[in-house]
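Here's the structure we're looking at; comments come further down.
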Amino acid sequence: STVVLVFEAPAPGPDGKGGFRFTVERGQYIKVGEALGVV
Amino acid sequence: ARHSWNDTKVEWYTIPVGLGILVVALSHLRKRDSSTSATSAAANEEKLIRPMGAWQVQVLSTLPLKALSYYWGVFNEIPLPTFLRVPGFKLYAWIFGVNLSEVGEDDLRSYRNLAEFFYRRLKPGVRPIDPRPGAVVSPADGRVLQFGEVHAGGLVEQVKGMTYSLDALLGAPASGTDTSPNPAELVKRKLEGKSVETQARYGKGGDADREVTHVASDEEFANVNGISYTLPSLLSGDKDAHNASGDETPQDVSLPQHTTTSAVATVGRDLARGSWWSGSSGDKRLYFAVVYLAPGDYHRFHSPVNWVVERRRHFAGELYSVSPWLQSRLPGLFTLNERVVLLGRWKYGMFSMTPVGATNVGSIKINFDRELRTNSLTHDATKADSEGGYAEAVYRGASALLGGHPVPKGMEIGGFNLG
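Sequences listed follow chains A and B, in order. Sequential numbering of the first sequence, starting at 1, is according to this note's numbering. Sequential numbering of the second sequence, starting at 1, is according to this note's numbering.
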């Protein structure tokens, strides 16, 4: 089974800072409650 | 027969060369005609989603997957003899890598069959929730198969470059004329001492909904879903929101589901803090993430952020396996499979979470949606088709203030069941 998330989040600023960024790698094993990404 | 077979004389004749050439030419012409007619038909015919790809996929699509899944579920609900349960579940745990030390029940005999063991809970405290306010946490245990930004035109990359459209996955965007009141405005109007009218729409989307309009009394604001909190706390977000009994419910996923006494306050605080419904200031992007749960994983899913679920769309599709292998070979797999789309909003704008079923886990449960029935052999196609291929339910009645079901980060939302 699979869970797909689709969501709006702030884009990174012109300097690439701020906004939402993923903090995971493709293929990484993750558990409930661990961050996929952070604004 | 033997006599006639042995005694009949066999005579051989040569075929005239011309006749041979004529037969080859005719078959060539016929083949060319059939290929040109196929391409022309395909050109003007609407491109149907037909599962193409590897030959294994073609074999899969001929199987009665839903019936297989349904009876797989019935089989797994047969109670096991008590003496078989411990060795049986230990074998399952060994094969699929289940961490038995985290399983909610220490005595494995309390799980009567594999279906109950599959839908087990975890021990308290084994899944701490990332406390950062801007963190989007994983809704389930599993492997991050895919993540990134939704391309222009709403294309989401599946695996290995395969893409599918967002509209096909989630259904068309909710009607733009969403009349749900802007809850942040409601709260502010209330603070200015103005009267506030709230509408609550009961029933499922598409049915004759009852619009109920009433003036929100002070009590209602102070006591939504059993919460007794003051409005300033809702706006300031400080910690004085508590439930009627005064204790702050701990953020712990092992709870069957967060007692709703703290749900509305938690989400309400987030609601009032961010530029909630008009989306955050500045540019916004659309992101996606795909988490794949293996058979041995904990199969309940939780809320990734503080958000409000406004509506649910049930697409009763097929039940292909969603293994990474098949995901990389079957284009549009997620738009083919049975799935339940939860649509709503969080403090930065739109938020959606879509559990996608598969052959062995055809049943998807949403704790706050008793009406949802998935993987049923007798699917109400007419209703779903009348609404663009899905059956929709609107949760506006759940909390008049927030316009939907408030789900704080980490709260158990539901899960996948065998069959």
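Ideal Cβ positions, reconstructed from N, Cα and C, are used throughout, including at glycine. All values derive from a computational prediction rather than experimental measurement.
Can you tell me which of the three DSSP states W307 of chain B falls into? Indexing the second sequence from 1 puts residue 307 of chain B at position 307. Of the three classes helix, strand and coil, the one that applies to W307 of chain B here is strand, per DSSP.
Closer than 8 Å by beta-carbon distance: list the chain B residues that pair up with K17 of chain A, in chain order. Numbered from its first residue, the first sequence carries residue 17 of chain A at position 17. None at all; the shortest Cβ gap to chain B is about 12 Å.
Does the Cβ of K17 of chain A have 16 or more other Cβ atoms within 10 Å, making it buried, or fewer, making it exposed? By 1-based counting over the first sequence, the position of residue 17 of chain A is 17. When all chains shown are included, K17 of chain A counts as exposed.
Which residue spans inside the stretch 71–131 of chain B form an unbroken beta strand (DSSP E) run of at least 3? none
So the candidates are B:G349, B:K284, B:S376; which of them puts its Cα closest to the Cα of S69 of chain B? What you label residue 69 of chain B is simply residue 69 of the second sequence in a count that begins at 1. Of B:G349, B:K284, B:S376, the residue nearest in Cα terms is B:S376.
Hey, does I21 of chain B have any beta-carbon neighbour from chain A nearer than 8 Å? Position 21 of the second sequence holds residue 21 of chain B. Not closer than 8 Å to any Cβ of chain A, the Cβ of I21 of chain B fails to qualify, so no.
In three-state DSSP terms, what is L293 of chain B? Locating residue 293 of chain B in the second sequence gives position 293, counting from the first residue. Reduced to three states, the DSSP call for L293 of chain B is coil.
Residue range of the alpha helix (DSSP H) that includes T335 of chain B: Translated into the one-based positions of the second sequence, residue 335 of chain B becomes position 335. Looking at the DSSP string, the run of the alpha helix (DSSP H) that includes T335 of chain B is 333–336.
In the DSSP output, which residue or residues are listed as bridge partners for I30 of chain A? In the first sequence, residue 30 of chain A corresponds to position 30, counting from 1. Its beta-bridge partners are B:G142.
Three Cβ pairs or more, each shorter than 8 Å: is that satisfied between the stretch 337–352 of chain B and the stretch 301–313 of chain B? With a cut-off of 8 Å, the stretch 301–313 of chain B and the stretch 337–352 of chain B count as touching, because enough Cβ pairs lie within range.
Starting from the beta carbon of G410 of chain B, find every residue of chain A whose beta carbon is closer than 7 Å, and list them in chain order. As a first step, residue 410 of chain B is located in the second sequence; it is residue number 410 there, counting from the start. Here the neighbours are G33.
Can a CB atom of chain A be found closer than 8 Å to the CB of H151 of chain B? In the second sequence, counting from the first residue as 1, residue 151 of chain B sits at position 151. Chain A contact via Cβ: absent.
Check whether chain A comes within 8 Å of L166 of chain B, counting only Cβ atoms and requiring the distance to be less than that. Within the second sequence, numbered from 1, the residue matching residue 166 of chain B stands at position 166. Taking Cβ atoms only, chain A reaches closer than 8 Å to L166 of chain B, which makes this a yes.
Name, please, each residue of chain A whose Cβ falls closer than 8 Å to the Cβ of P139 of chain B. Start at 1 with the first residue of the second sequence, and residue 139 of chain B comes out as number 139. Neighbours of P139 of chain B on chain A, chain order: V3, L5, V32.
Within the same chain, show all residues whose beta-carbon is closer than 7 Å to that of L333 of chain B, passing over the 5 residues directly before and after it, in chain order. For the purposes of this step, residue 333 of chain B is taken as residue 333 along the second sequence, with counting starting at 1. Q158, Y320, V322, L326, Q327.
How many whole angstroms separate the CB atoms of V305 of chain B and V136 of chain B, which I take to be in contact at a CB cut-off of 8 Å? Counting from 1 along the second sequence, the entry for residue 305 of chain B is found at position 305. Counting from 1 along the second sequence, the entry for residue 136 of chain B is found at position 136. Beta-carbon to beta-carbon, V305 of chain B and V136 of chain B are separated by about 6 Å, close enough to satisfy the 8 Å threshold.
Three or more beta-carbon pairs under 8 Å between the stretch 144–151 of chain B and the stretch 20–27 of chain A, yes or no? yes
Report the CB separation of I129 of chain B from K409 of chain B in whole angstroms; it is logged as a contact under 8 Å. Translated into positions along the second sequence, residue 129 of chain B becomes position 129. Translated into positions along the second sequence, residue 409 of chain B becomes position 409. Correct: roughly 6 Å between the Cβ atoms.
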